[in-house]
Amino acid sequence: MGLVDLRCVAKAFGPVVAVDRVSLSIEKGEFVALLGPSGCGKTTTLRMIAGLEVPDDGEIHLAGRRVFSAQERIVVPPQRRNVGMVFQSYALWPHMTVFENVAFGLRVQRKPRSVIRSEVRTVLAYMQLEDLERRYPHELSGGQQQRVALARMIVARPAVFLMDEPLSNLDAKLRTEMRAELKRLHRDLTATTVYVTHDQLEALTLASRIVVMKDGTIQQDAAPSTLYERPANLFVAEFVGSYPVNLIEGRLAVEHGRACFVHPEVVVPTEGPPSATGEELMLAIRPEDVVLVPGEVPPPAGEGGCLTATVKAVFPAGRESTAHVDVGGRTWTVVFGKGIAIEVGDRVNLFLPSARILLYRRDTGELVRERSAGP
Amino acid sequence: MSPLSQLRMEMRENRRSSARGLWRGAPRKLGTPQFLLSAVLLVVLAVFVIVPVGTIAVDTFVWQAGDVRLSREAQPGALTLFHWQRVFRSPLTGHLLTTPLVNSILVGVGTAALSLALGGLLAWFVVRTDMPFRRVAGALAVVPYMIPSYTLALAWLTLFKNQRIGGTAGLFQYLTGVAPPDWVAYGFFPTVIVLALHYYPFVFLLISNALASVDTSLEESAEVLGAPRSLVLRRITLPVILPAVLSGTILTFSRAIGAFGTPYFLGSPVRFFTLPTMIYSNIGMRFPSTANILVLVLIVLSTILIFVSQKMVGVRRSFVTISGKGFRHKPVELGRWKYPALAITGSVILFAAVLPFIMFFWQSVMEYAGTYSFSNFTSAFWLAPAGTRLTEGEPGLLRNPEVLRAAWNSVRLSATAALVAAVLGSLIGYVVVKGRGTVISKAIEQVSFLPYLIPSIAFGAIYLNVFIRPWGPIPALYGTFLLLVLTCAFRNLPFAARSGVSTMIQVSGELEEAAQTLGAGWFYRFRRVVFPLTIRGMIVGFSLVFMTTMRELSLIILLVTPQTRTLTTMTMRYQEQGFVQFANAITVVLVVMSVIGVWAIRKLGGQSGGS
């Protein structure tokens, strides 16, 4: 059993099902990101772990203790769950100083004054806040407020850290800084962390495991690299990645004795044995996997398919520029390096390596053929 | 071992894993403090709001003990339609219902129109023009609402009364020698003027807020497109401030039809009755059922009005562009109209606030009422010892234990009622906001709004009807101070609850949840987090109710007894007995106390929100 264990947990708000029978087990020391668009149920899941929402169904175990069971009508209120939470708004109490905010959890536990004093000081020093303990939250910068919120959580020594989009209120530079801070925190304290975010970059850089959610269900639960390389379905493929994934519809057919993805403009041999032909498929390929071949240069060696596309827009950006090209009526993004010069209206050749394509069933959106871990 | 690694160690062992927090069995929500609190509040609201209103409606269909005077058929306790027939279909209908109803509506329309004109004009002067002293005028323009409306009526009488009601004539006749005709001195005309002078600050505040929040770029872009100024006013500005105009007008109308003091003082001499004064007169004559039916008529009337206004304003509100930032307005240049505008504004404030106060004071130091000369000065009504002939034995105001008791009663009543209302309002705010979307939260919010639909005098009548006899475990409360407290607290609950809800909305739920995840139980979180964060809102609610109760007359007039008399009801008694000087002196005291109260509360509220 994991440190945090959700079994078939469900929650509806009126007619809206926020979380639909989610099961999830989190081991001690893991940093799990719940990732998904707004309204996917990730925050509700987190709040159910904290006890701030009462699920309609299922069971929740925390540190070996059953804290919720619909069947046996067990509800342990948040204050007895020993979880720590950082809220999106930080939820610092405006009428208390930094010290009082941080000391709150220890005061609730009725620790002796001297102990509170020294423990709060230790944590404040650790979070580089020692000079600010007499300040009020509104006298702090956003980053400092964020640190206070973290300090307030860790000083109470919860079994699990729960974080609800903690960085979304910071500007880009601070966010990068705080990401490093969170990484340090997790490493130093080996704290089990559940982290809700809609920012895939945050999830990919911070988490040891990512749970992608949509419409209250888990779409994929995997390590960051797997999530990026082998999205389990079209939703995940489209959701994860810094550029939108390139898509094109086609079918599976056998050509020259090999299973191929067939589209009027391009044929890409697939790796592995031929499976059922005629299947309606969607080909997905990451922009950085598409090889842009300027006219004169021969296509690179290796298996793959070639197609011609018209350049619609070019976004030069130094080392790694991007362009939008038109492929069979769809807009694709391609990434290309310094050496290549293209202009709007150019016809360019695109090479799709077999090893880099992902094929999804068009009816279910499920991945039909995992590409092998390429070079 | 370094503190950090110690921290790490302790983190690894889950230290608070006892299972004492489990509760099994009972439906999950029922045990939470929040639910219990909601349930208690709902019961309280049912007892003090729903039941009294329900009882009054039922009672009108039942023969009352006193009805044997009215009809031989009366069998106390039995059902009857007699009262309804008496009010709606009898030779008395005209006197009891139709005339007061028509008068009320006319007074309402007149007051609303005049308030709109005064308030709208002043708002425009203050917000949008380059009139001199705009800021001062804006601050002073709301003062008339702070002094009780009936005191303005008394001031009117002091100025314009003729000898019809006996006693001396007013200042006007003293100065000019011409007796003002009855229609100037009493009845419809002065009632409307006085009510409008009292209520125009509503309209002024609403419209000036709307004008200030209109994005001037809307108007400017129309001007850039070449629209003439009149078109801009008609097509852009007016539609945008229309919700404020509508709600201000309807609010004033509904307040005016529910007003008691002013039509009572100004209408009685010429038997000009409105619904509230007719209710008072029927209770005075011990026809409670007739009064109760009129109460219901008044409630229905004001309910319709408020719903109409919410419908109209609700639909139109979507047009309003209100944003948090203030807009820099290019003021309209008044040119040579600058000083006339200032004169209009100044005279409204002068007539509504400054002059009455001077009049009261002057009146209170006259040996013979109505003689405005220095030789007529006396301090007897303020300072004379008991037994003075001039005051017919009554001691001067500042030595009169009855007056002092009434003053103490006023303060005590206002403070306790305000405290009850503020605490209830905060708790209501808490459960309503925390329970958003649940049935019980909606029920509490709706019921706490209900007293808003009931004009003051009607609310007093309703409480009189219910608490004059024992009811369930509650003993007969008539004549007790507690009844006055309850009446004032629950009548004003809508304001306190509104302020509670809006305060609670501003306190994000996450602030309490953060305390919860850190292990704080309900009482601890409420004491350390919720309460400190909402205390300022509670003070606002408290001061609203306190100030309203200080000047309250119509709400408690039916409920006071000699022991529980307040300054306001005492004024009325002296006025009725013809002790004009005393009435005026008390009014001076009341106004001074109100102003001090407002000032003290501001000061207090400002300090407590320090951090």
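Protein chains in written order, with my numbering: chain A, 296 to 670; chain B, 59 to 669.
Every residue gets a Cβ at the ideal spot worked out from N, C-alpha and C, and that includes glycine.
Just so we're clear, the structure is a prediction, and the values are computed from it rather than from any experiment.
Query - Below-8 Å beta-carbon distance, valine 489 of chain B vs any chain A residue - result: Counting from one through the second sequence, the residue named residue 489 of chain B turns up at place 431. Not closer than 8 Å to any Cβ of chain A, the Cβ of valine 489 of chain B fails to qualify, so no.
**Report entry** Beta-carbon contacts of histidine 433 of chain A that lie in its chain and below 7 Å, excluding the five residues immediately before and after
**Finding:** For the purposes of this step, residue 433 of chain A is identified with residue 138 of the first sequence, where counting begins at 1. Excluding positions up to five away in sequence, the list reads Pro389.
**Report entry** Buried/exposed call for aspartate 658 of chain A, threshold 16 Cβ in 10 Å
**Finding:** Residue mapping note: residue 658 of chain A aligns to position 363 of the first sequence, counting from 1. Label assigned to aspartate 658 of chain A: exposed.
Requested in this report: Could you tell me whether any Cβ in chain B is nearer than 8 Å to the Cβ of glycine 437 of chain A?
Outcome: Residue 437 of chain A sits at position 142 when you count from the first residue of the first sequence. No, its Cβ sits nowhere closer than 8 Å to a Cβ of chain B.
Query raised in the report: Taking C-alpha atoms, which residue in B/Gly228, B/Gly235 and B/Gly530 lies nearest to alanine 243 of chain B?
Result: As a first step, residue 243 of chain B is located in the second sequence; it is residue number 185 there, counting from the start. For the residues B/Gly228, B/Gly235 and B/Gly530, the minimum Cα distance to alanine 243 of chain B belongs to B/Gly228.
**Report entry** Residue span of the alpha helix (DSSP H) that contains tyrosine 632 of chain B, given as start and end
**Finding:** Here residue 632 of chain B refers to the residue found at position 574 when the second sequence is read from its first residue. 625-635 is the span of the alpha helix (DSSP H), which, as asked, contains tyrosine 632 of chain B.
Query raised in the report: Shorter than 8 Å from the beta carbon of leucine 94 of chain B to some beta carbon of chain A?
Result: The sequence position of residue 94 of chain B within the second sequence is 36, counting from 1. Cβ-Cβ to chain A under 8 Å: no for leucine 94 of chain B.
Query raised in the report: So what does phenylalanine 702 of chain A bridge to, in DSSP terms?
Result: Not covered by the structure: residue 702 of chain A. The range shown for chain A is 296 to 670.
Query raised in the report: Once you ignore the five residues that flank cysteine 546 of chain B on each side, which residues in its own chain have a CB closer than 6 Å to its CB?
Result: As a working note, residue 546 of chain B is residue 488 in the second sequence. So the qualifying residues of the chain are Ala475 and Thr607.
Query raised in the report: Which residues of chain A have a Cβ atom closer than 8 Å to the Cβ of glutamate 568 of chain B, listed in chain order?
Result: Here residue 568 of chain B refers to the residue found at position 510 when the second sequence is read from its first residue. Contact of glutamate 568 of chain B with chain A by beta-carbon distance below 8 Å involves Phe382, Gln383, Ser384 and Ala386.
Query - Short CB-CB distance (under 8 Å) between glutamate 503 of chain B and chain A - result: To locate residue 503 of chain B, count along the second sequence from 1; it is residue 445. It does not: the Cβ of glutamate 503 of chain B has no partner Cβ on chain A nearer than 8 Å.
Query - Endpoints, beta strand (DSSP E) assigned at cysteine 601 of chain A - result: In the first sequence, residue 601 of chain A corresponds to position 306, counting from 1. 599-610 is the span of the beta strand (DSSP E), which, as asked, contains cysteine 601 of chain A.
Report task. Tell me whether glycine 483 of chain B is buried or exposed, calling it buried when 16 or more other Cβ atoms sit within 10 Å of its Cβ. Result -> Indexing the second sequence from 1 puts residue 483 of chain B at position 425. The residue in question, glycine 483 of chain B, is buried, as its Cβ has 16 or more Cβ neighbours within 10 Å.
**Report entry** Cα-Cα separation, lysine 306 of chain A to valine 349 of chain A
**Finding:** Position 11 of the first sequence, counting from 1, holds the residue named residue 306 of chain A. Position 54 of the first sequence, counting from 1, holds the residue named residue 349 of chain A. Rounded to whole angstroms, lysine 306 of chain A to valine 349 of chain A spans 8 Å at the Cα level.
Query raised in the report: Is glycine 83 of chain B helix, strand or coil by DSSP?
Result: Your numbering for residue 83 of chain B matches position 25 in the second sequence. Because glycine 83 of chain B carries a pLDDT of 35, less than 50, the predicted location of this residue cannot be relied on, and no value is offered for it.
Query raised in the report: Got a sec: is the Cβ-Cβ distance from valine 587 of chain B to anything in chain A below 8 Å?
Result: Here the question's residue 587 of chain B lines up with position 529 in the second sequence. For valine 587 of chain B, the answer is yes, since a Cβ of chain A falls inside 8 Å of its Cβ.
Query raised in the report: Roughly how far, in whole angstroms, is the beta-carbon of leucine 569 of chain B from the beta-carbon of glycine 400 of chain A, given that I think they are within contact range, below 8 Å?
Result: For the purposes of this step, residue 569 of chain B is taken as the residue at position 511 of the second sequence. For the purposes of this step, residue 400 of chain A is taken as the residue at position 105 of the first sequence. With a Cβ gap of about 14 Å, leucine 569 of chain B and glycine 400 of chain A do not count as contacting.
Query raised in the report: chain B beta carbons: is any one of them nearer than 8 Å to that of histidine 281 of chain A?
Result: Chain A is shown only over 296 to 670; residue 281 of chain A falls outside these bounds and no answer can be derived.
Report task. Name the two residues that bound the continuous beta strand (DSSP E) containing tryptophan 627 of chain A. Result -> Within the first sequence, numbered from 1, the residue matching residue 627 of chain A stands at position 332. Looking at the DSSP string, the run of the beta strand (DSSP E) that includes tryptophan 627 of chain A is 625-631.
Report task. Ignore the nearest five residues each way along the sequence and tell me which others in glycine 545 of chain A's own chain have a CB closer than 7 Å to its CB. Result -> Within the first sequence, numbered from 1, the residue matching residue 545 of chain A stands at position 250. In its chain, beyond the 5 residues on either side, Phe556, Val557, His558, Leu576 and Leu578 have a beta carbon closer than 7 Å to the beta carbon of glycine 545 of chain A.
Requested in this report: Determine contact between the region 479-486 of chain A and the region 442-461 of chain A, defined as no fewer than three beta-carbon pairs at a distance below 8 Å.
Outcome: Yes, they touch.
Query raised in the report: Taking C-alpha atoms, which residue in B/Phe432, B/Tyr510, B/Ile294 and B/Leu263 lies nearest to isoleucine 362 of chain B?
Result: Position 304 of the second sequence, counting from 1, holds the residue named residue 362 of chain B. Among B/Phe432, B/Tyr510, B/Ile294 and B/Leu263, the Cα nearest to that of isoleucine 362 of chain B belongs to B/Tyr510.
Query raised in the report: In chain B, what lies closer than 7 Å to glycine 400 of chain A by C-beta?
Result: As a first step, residue 400 of chain A is located in the first sequence; it is residue number 105 there, counting from the start. Residues of chain B whose Cβ lies closer than 7 Å to the Cβ of glycine 400 of chain A are, in chain order, Leu576 and Gly577.
Query raised in the report: Between alanine 302 of chain B and leucine 172 of chain B, which are expected to be in contact by the criterion C-beta below 8 Å, what is the C-beta distance as a whole number of angstroms?
Result: Mapped onto the second sequence, residue 302 of chain B falls at position 244. Mapped onto the second sequence, residue 172 of chain B falls at position 114. The pair is not a contact, with the Cβ atoms about 17 Å apart (cut-off 8 Å).
Query raised in the report: Can you tell me whether DSSP reads aspartate 426 of chain A as helix, strand or coil?
Result: By one-based count along the first sequence, residue 426 of chain A stands at place 131. DSSP places aspartate 426 of chain A in helix when its eight states are reduced to three.
Query raised in the report: So is leucine 591 of chain B in contact with chain A if we call contact Cβ pairs under 8 Å?
Result: As a first step, residue 591 of chain B is located in the second sequence; it is residue number 533 there, counting from the start. Taking Cβ atoms only, chain A reaches closer than 8 Å to leucine 591 of chain B, which makes this a yes.
**Report entry** Beta-bridge pairing of asparagine 541 of chain A - partner residues as DSSP gives them
**Finding:** Translated into the one-based positions of the first sequence, residue 541 of chain A becomes position 246. Bridge partners of asparagine 541 of chain A: A/Ile580.
Query - 6 Å CB neighbourhood of leucine 591 of chain B in its chain, flanking five on each side removed - result: Reading the second sequence from its first residue, position 533 is the one you call residue 591 of chain B. The answer, listed in chain order, is Val565.
Query - Contiguous alpha helix (DSSP H) assignments of at least 4 residues, all confined to the region 378-423 of chain A - result: As far as the region 378-423 of chain A is concerned, its whole alpha helix (DSSP H) runs of at least 4 residues are 393-403 and 408-421.
Query raised in the report: From the beta carbon of alanine 97 of chain B, is the nearest beta carbon of chain A less than 8 Å away?
Result: What you label residue 97 of chain B is simply residue 39 of the second sequence in a count that begins at 1. No - not a single Cβ of chain A is within 8 Å of the one on alanine 97 of chain B.
Query - 8 Å contact criterion, which leucine 392 of chain B and aspartate 188 of chain B should meet: CB distance rounded - result: In the second sequence, counting from the first residue as 1, residue 392 of chain B sits at position 334. In the second sequence, counting from the first residue as 1, residue 188 of chain B sits at position 130. So it is a contact: roughly 6 Å between Cβ atoms.
Query raised in the report: Of all the residues that make up the region 235-265 of chain B, which are near chain A by a beta-carbon distance shorter than 8 Å?
Result: So nothing in the stretch comes that close.
Requested in this report: Assign isoleucine 644 of chain B to one of two classes, buried (16 or more other C-beta atoms within 10 Å of its C-beta) or exposed (fewer than that).
Outcome: The residue given as residue 644 of chain B occupies position 586 in the second sequence. With 16 or more other Cβ atoms from the protein chains shown falling within 10 Å of its own Cβ, isoleucine 644 of chain B counts as buried.
Query raised in the report: Alpha carbon to alpha carbon, how far is arginine 316 of chain A from methionine 343 of chain A?
Result: What you label residue 316 of chain A is simply residue 21 of the first sequence in a count that begins at 1. What you label residue 343 of chain A is simply residue 48 of the first sequence in a count that begins at 1. Their backbone Cα atoms lie some 13 Å apart in a straight line.
**Report entry** Three-state secondary structure assigned by DSSP to methionine 343 of chain A
**Finding:** As a first step, residue 343 of chain A must be located in the first sequence, where it is residue number 48. Here methionine 343 of chain A sits in helix by DSSP.
Query - Contact check, glycine 597 of chain A vs proline 564 of chain A, beta carbons under 8 Å - result: Translated into the one-based positions of the first sequence, residue 597 of chain A becomes position 302. Translated into the one-based positions of the first sequence, residue 564 of chain A becomes position 269. Proline 564 of chain A sits away from glycine 597 of chain A, with the two beta carbons spaced by 8 Å or more.
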